[in-house]
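**Student:** My questions will all concern the structure given below.
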Amino acid sequence: MHTLKEIAKIINASVSGDSAYCVNGLAACDKAQKQQLTYAVNQKHLNQLKKTKAGAVIIDQSLLAHCPTNALVVENVYLAFAQASHLFKKTVYLAQQIHPSAQLNKAKIAPNCIIGKNVVIGINSSIGANVVIEDNVTIGDNANIQSNVSILQSCQIGSNIVISPGVVIGSEGFGNARDKHNKWHSIAHLGKVVIGDNVTIGANTTIDRGTLEDTQIHHGVRLDNLIHIAHNVIIKQDSAIAASTGIAGSTTLGKRCMIGGMVGIVGHLSICDDVTISAKSTVDKNITMPGVYTGIMPLMPHKKWQAVGVWLTKLDKITQHLNIKLNHLKGN
Amino acid sequence: MHTLKEIAKIINASVSGDSAYCVNGLAACDKAQKQQLTYAVNQKHLNQLKKTKAGAVIIDQSLLAHCPTNALVVENVYLAFAQASHLFKKTVYLAQQIHPSAQLNKAKIAPNCIIGKNVVIGINSSIGANVVIEDNVTIGDNANIQSNVSILQSCQIGSNIVISPGVVIGSEGFGNARDKHNKWHSIAHLGKVVIGDNVTIGANTTIDRGTLEDTQIHHGVRLDNLIHIAHNVIIKQDSAIAASTGIAGSTTLGKRCMIGGMVGIVGHLSICDDVTISAKSTVDKNITMPGVYTGIMPLMPHKKWQAVGVWLTKLDKITQHLNIKLNHLKGN
Amino acid sequence: MHTLKEIAKIINASVSGDSAYCVNGLAACDKAQKQQLTYAVNQKHLNQLKKTKAGAVIIDQSLLAHCPTNALVVENVYLAFAQASHLFKKTVYLAQQIHPSAQLNKAKIAPNCIIGKNVVIGINSSIGANVVIEDNVTIGDNANIQSNVSILQSCQIGSNIVISPGVVIGSEGFGNARDKHNKWHSIAHLGKVVIGDNVTIGANTTIDRGTLEDTQIHHGVRLDNLIHIAHNVIIKQDSAIAASTGIAGSTTLGKRCMIGGMVGIVGHLSICDDVTISAKSTVDKNITMPGVYTGIMPLMPHKKWQAVGVWLTKLDKITQHLNIKLNHLKGN
Numbered sequence: 021m022h023t024l025k026e027i028a029k030i031i032n033a034s035v036s037g038d039s040a041y042c043v044n045g046l047a048a049c050d051k052a053q054k055q056q057l058t059y060a061v062n063q064k065h066l067n068q069l070k071k072t073k074a075g076a077v078i079i080d081q082s083l084l085a086h087c088p089t090n091a092l093v094v095e096n097v098y099l100a101f102a103q104a105s106h107l108f109k110k111t112v113y114l115a116q117q118i119h120p121s122a123q124l125n126k127a128k129i130a131p132n133c134i135i136g137k138n139v140v141i142g143i144n145s146s147i148g149a150n151v152v153i154e155d156n157v158t159i160g161d162n163a164n165i166q167s168n169v170s171i172l173q174s175c176q177i178g179s180n181i182v183i184s185p186g187v188v189i190g191s192e193g194f195g196n197a198r199d200k201h202n203k204w205h206s207i208a209h210l211g212k213v214v215i216g217d218n219v220t221i222g223a224n225t226t227i228d229r230g231t232l233e234d235t236q237i238h239h240g241v242r243l244d245n246l247i248h249i250a251h252n253v254i255i256k257q258d259s260a261i262a263a264s265t266g267i268a269g270s271t272t273l274g275k276r277c278m279i280g281g282m283v284g285i286v287g288h289l290s291i292c293d294d295v296t297i298s299a300k301s302t303v304d305k306n307i308t309m310p311g312v313y314t315g316i317m318p319l320m321p322h323k324k325w326q327a328v329g330v331w332l333t334k335l336d337k338i339t340q341h342l343n344i345k346l347n348h349l350k351g352n
Numbered sequence: 021m022h023t024l025k026e027i028a029k030i031i032n033a034s035v036s037g038d039s040a041y042c043v044n045g046l047a048a049c050d051k052a053q054k055q056q057l058t059y060a061v062n063q064k065h066l067n068q069l070k071k072t073k074a075g076a077v078i079i080d081q082s083l084l085a086h087c088p089t090n091a092l093v094v095e096n097v098y099l100a101f102a103q104a105s106h107l108f109k110k111t112v113y114l115a116q117q118i119h120p121s122a123q124l125n126k127a128k129i130a131p132n133c134i135i136g137k138n139v140v141i142g143i144n145s146s147i148g149a150n151v152v153i154e155d156n157v158t159i160g161d162n163a164n165i166q167s168n169v170s171i172l173q174s175c176q177i178g179s180n181i182v183i184s185p186g187v188v189i190g191s192e193g194f195g196n197a198r199d200k201h202n203k204w205h206s207i208a209h210l211g212k213v214v215i216g217d218n219v220t221i222g223a224n225t226t227i228d229r230g231t232l233e234d235t236q237i238h239h240g241v242r243l244d245n246l247i248h249i250a251h252n253v254i255i256k257q258d259s260a261i262a263a264s265t266g267i268a269g270s271t272t273l274g275k276r277c278m279i280g281g282m283v284g285i286v287g288h289l290s291i292c293d294d295v296t297i298s299a300k301s302t303v304d305k306n307i308t309m310p311g312v313y314t315g316i317m318p319l320m321p322h323k324k325w326q327a328v329g330v331w332l333t334k335l336d337k338i339t340q341h342l343n344i345k346l347n348h349l350k351g352n
Numbered sequence: 021m022h023t024l025k026e027i028a029k030i031i032n033a034s035v036s037g038d039s040a041y042c043v044n045g046l047a048a049c050d051k052a053q054k055q056q057l058t059y060a061v062n063q064k065h066l067n068q069l070k071k072t073k074a075g076a077v078i079i080d081q082s083l084l085a086h087c088p089t090n091a092l093v094v095e096n097v098y099l100a101f102a103q104a105s106h107l108f109k110k111t112v113y114l115a116q117q118i119h120p121s122a123q124l125n126k127a128k129i130a131p132n133c134i135i136g137k138n139v140v141i142g143i144n145s146s147i148g149a150n151v152v153i154e155d156n157v158t159i160g161d162n163a164n165i166q167s168n169v170s171i172l173q174s175c176q177i178g179s180n181i182v183i184s185p186g187v188v189i190g191s192e193g194f195g196n197a198r199d200k201h202n203k204w205h206s207i208a209h210l211g212k213v214v215i216g217d218n219v220t221i222g223a224n225t226t227i228d229r230g231t232l233e234d235t236q237i238h239h240g241v242r243l244d245n246l247i248h249i250a251h252n253v254i255i256k257q258d259s260a261i262a263a264s265t266g267i268a269g270s271t272t273l274g275k276r277c278m279i280g281g282m283v284g285i286v287g288h289l290s291i292c293d294d295v296t297i298s299a300k301s302t303v304d305k306n307i308t309m310p311g312v313y314t315g316i317m318p319l320m321p322h323k324k325w326q327a328v329g330v331w332l333t334k335l336d337k338i339t340q341h342l343n344i345k346l347n348h349l350k351g352n
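Chains as they are written, first to last, in our numbering: chain A, 21 to 352; chain C, 21 to 352; chain L, 21 to 352.
Structure follows, in structure tokens:
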């Protein structure tokens, strides 16, 4: 619990409203309840701001007139949000090997595992050597968690899952706000990672926790090795992703998608169900039609790429055929 | 040991032949012996099927007439193979820190290592802190295995090797069969990883075990950090691979190859000896001639790329020179 | 301490000068002091060689006339340097959980941490479970080092840093010399990693130590997950790098740069301050002007790429418009 007065001091805000008002969490503008703080960066959030049920909102002066509740008025809203986020992050301190509050249900626990407070593990599960499971994690039945895995606080993992060695689940997302001196301020990620049933995760893959809401991996998903799943990504049922692919923050991947190796998918995109992406492609726009896509930037449908690609390797011949010389072409 | 009757129940097959026949392993059609089960997916395996020495074969109805031995007849052979594979996977349970059957030959073992049954480590070796070595692993002389490494069951590692922190050797391959409801079924990988002498492996690199046969890293190979080596890949003598590169399943790389960073090599390819691939290239076809290759898709020889690349950055100028407008070009 | 005679035997050199002369370290030609050994490969090092203060130099016959000090004359200088480097590498043997010489300043140390000789940790720091910190590492105040991290010998880490699970700091660089039989010989990396204050490092990222000098990550830098930072890279203040990016050896990145995900930056480059690189780009030349850059090889300014990219997807249409057929184009 923090009063608005306390928070205002930390984020260098002026309070409009009740400075003794208490909040106990941070949430998105359209989800926040009366005991929670939220933020609204600009006109994009204006409609949500007008209807917010939050107990308080971090805003700048330009939005104050539209704020229906207590406000913390700052110059740089995103920076203030980053600074305030750390107030609501729980520190985990693993003081002992296996905390007595953990419910292990006779799981096979290999040597040197560290298991935190209130962890719950389902029946018939096995936890490999040197695995670290932080406080409040839940894991389903028949889980096979292999050596040197780290699962961070409060993540939820389903049944019948296989997690390969070296995997990290629930690491901090890569969210940072910049101040006027161009210094970065990390955002504390308060969401978690939620993983469904029948999921497999390959060696040394990393899955970041969400900022305010959760990163989600739905039932039946297959992830290969060395994959990066950023904060707030959602991967829907029965999709499969090959090695060394990366998906940037807040992108949603549909059901039954098949993503090749070393694909890069940029943030805040929506990929529909039944999409296949060829290895090494970059996906830089939404995909709304099922199909096979391939490409370097800019992305194009695979058939299109086949038509273009055949000419690409002939480009010098084309210019030769046309008798085009470099000095025919103006500028650089 | 499993009878065909037992297996048929698990993979939903009808038995043609002796349902009391026992098998104790899975092998490829051309390698399987009489105590082993194999599978033949389609016409591609027809010749192997006719000559197989396997005790039993998983096939579909269309191949039954050509089967010289007991058959387990199913609708989806690859799926049935995936389901059957788990019967032959040994579960490893590391119940204690260092199993008394391990032969350590006075290796320097740092604190918190976990070493399984029947592990053999050669003379003058050192094993870093928090390393996990599963059952039946063998490691040669003068091995330098650094902290937080995981080496999974039955892998074989040569002498004079350096394995950097966080490396995973012998993780499950990314092999999955899809059922008619588009659900994925993992294949249990029954092969191992075999690594020769004088090999170095960089931090957090992952090497998957083979499906039925072994993933192989031959003598003198150099692997940098964060590399992905998939199941059944073979990397021949004295090749060197830079960081963040990925090689997909069943590809063979020749001797003395030099592969740049962030290269993607697709599966089932054969790259000949003495090939150099420039950083960030994609290799999507066999390479049969030594030389330097560079490219985005489609792959081309480096000299060709140099000729093409110079025009690529002029493409807008070319169209301008030719007075081509976008609306001159029909379609999309 | 090694005499030139001892070293000559190991690297197969003839000594020119005092074979009883003792050296206790290796350094670059322009930095080496009289107790140190250095090397000069070719004409590139000639000016440095003439002015070197080193006690001895590994050179080939062609440079001997210009050598102002003792010389170890070999056929393949770089190979001899690789072989000699191992003489000066300290072996770390972590014999116990926490070495009594470590100064922990009441840091919170989770279970199963291994902490080597002479490690110094600042006040108010926390070290996660299963972390390995080798001899002579220093870590500042308010450090948050999470589970399964490996920090190798002698690395220096600042205050207010966050290191995510699975990170490796100070692994060997990917430097190898080839002999006349095309066998690789690893270079022992004698430099360290030096990390400033207020740095965050994402899960499973790896940072290699320098060859003779240090890999440097300056104050305020942000590194995401699964990033590869090679030996001798310098990343200046307040730069941020997104996931799965790799930077090859000896490249310097300026201040306040923002590098997208899956970018590959080749070695020995210099990128100036305030450069932004779009996701998935390859950087293959120095950048001397601030700005936004995007591209596959060859690299081009983002605006240029936008102009080119629009035509790239029309390439088949262009050839169609021009009535160019494949068989119009001579050769392949």
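We treat Cβ as the ideally placed atom computed from N, Cα and C, and that holds for glycine.
1. Would you identify the three-state DSSP class for A74/L, choosing helix, strand or coil?
2. Please list, in chain order, all residues of the same chain as V112/C whose beta carbon is under 7 Å from its beta carbon, the five residues on each side excluded.
3. Any idea if M309/L is buried or exposed, counting beta-carbon neighbours within 10 angstroms, 16 or more meaning buried?
4. Does the pairing of the segment 179 to 196 of chain L with the segment 180 to 198 of chain C give three or more beta-carbon distances under 8 Å?
5. Residues of chain C with CB closer than 9 Å to the CB of L246/A, please, in chain order.
6. Can you pull the chain A neighbours of P310/L, defined as C-beta to C-beta under 8 Å?
7. For S206/C, which residues in chain A fall below 8 Å Cβ to Cβ?
8. Could you check what DSSP says for I247/C in three-state terms: helix, strand or coil?
9. Using a Cβ-Cβ cut-off of 9 Å, state whether D304/C counts as contacting chain A.
10. Tell me, please, whether the CB atom of V21/L is closer than 9 Å to any CB atom in chain A?
11. Have a look at N352/L and I344/L and give me their C-alpha separation to the nearest angstrom.
12. Mind listing the chain L neighbours of G281/C? Cutoff is C-beta to C-beta under 7 Å, in chain order.
13. Using only the alpha-carbon positions, how far apart do K51/L and A74/L sit?
14. Measuring only between beta-carbons, confirm whether T111/L sits less than 9 Å from chain C.
15. Starting from I165/A, follow its DSSP beta bridges and name the residues at the other end.
16. DSSP three-state call for L332/L: helix, strand or coil?
17. Counting only runs of 4+ residues fully inside the segment 210 to 241 of chain L, write out the alpha helix (DSSP H) ranges in chain order.
18. Taking Cβ positions only, does A299/A come closer than 9 Å to chain L?
19. My output table needs one value for Y41/C: the three-state DSSP class, helix, strand or coil.
20. Tell me which residues share the same chain as P321/A and place their Cβ nearer than 7 Å to its Cβ, disregarding the 5 neighbours each side in the sequence.
21. Between the segment 63 to 76 of chain A and chain L, which residues of the former have CB atoms less than 9 Å from a CB of the latter, in chain order?
22. Please check if any C-beta of chain L sits within less than 9 Å of the C-beta of L335/C.
23. Would you give the residue range spanned by the beta strand (DSSP E) that Y59/A belongs to?
24. I think L83/C touches A60/C, with their Cβ atoms under 8 Å apart; what is that distance to the nearest whole Å?
25. Please report how far the alpha carbon of V43/A lies from the alpha carbon of H22/A, in whole angstroms.
26. Specify whether the segment 225 to 242 of chain C and the segment 251 to 259 of chain C touch according to this definition: at least 3 beta carbon pairs, one from each stretch, less than 8 Å apart.
27. Using the beta-carbon of each residue, which ones in chain A are nearer than 7 Å to T339/L?
28. Looking only at its own chain, which residues have a Cβ that is under 6 Å from the Cβ of T271/C, when we skip the five neighbours before and after it?
29. Return yes when the Cβ of R242/C is within less than 9 Å of the Cβ of S206/L, no when it is not.
30. Closer than 7 Å by beta-carbon distance: list the chain L residues that pair up with K345/A, in chain order.
31. Contact check, A299/A vs A262/A under 8 Å by CB: the rounded distance?
32. What distance in whole Å lies between the Cβ atoms of L246/L and L246/A, which are believed to be in contact at a cut-off of 8 Å?
33. L24/A and N90/A look like a contact to me (Cβ under 8 Å); what is the Cβ gap, rounded to whole Å?
34. Measuring alpha carbon to alpha carbon, tell me which residue in C292/C, K337/C, I316/C is nearest K324/L.
35. Report the option in H201/L, L99/L, N62/L, H86/L whose CA atom is closest to the CA atom of A33/L.
36. Please tell me whether F332/L and L332/C are closer than 9 Å, where the distance is taken between their beta carbons.
**Tutor:** On the basis of the coordinates in this document:
1. coil
2. G136, E154, D155, Q173
3. exposed
4. yes
5. N224, T225, T226, L246, I247, H248, S264, G266
6. In chain order: nothing, as chain A lies at least about 12 Å away.
7. V182, T220, R242
8. coil
9. yes
10. The amino acid at residue 21/L is misidentified as Val; the sequence shows Met. Not closer than 9 Å to any Cβ of chain A, the Cβ of M21/L fails to qualify, so no.
11. Here N352/L scores only 47 on pLDDT, less than 50, and its place in the model is too uncertain to base an answer on.
12. G266, A268, G284
13. 8 Å
14. yes
15. I147/A, I183/A
16. helix
17. none
18. no
19. coil
20. G311, Y313
21. none
22. yes
23. 56 to 59
24. 6 Å
25. 6 Å
26. yes
27. W331, I338
28. V253, I285, G287, L289
29. yes
30. Simply none; closest approach about 17 Å.
31. 7 Å
32. 6 Å
33. 6 Å
34. K337/C
35. L99/L
36. The question names Phe, but residue 332/L is Leu in the sequence shown. Yes. Within cutoff.
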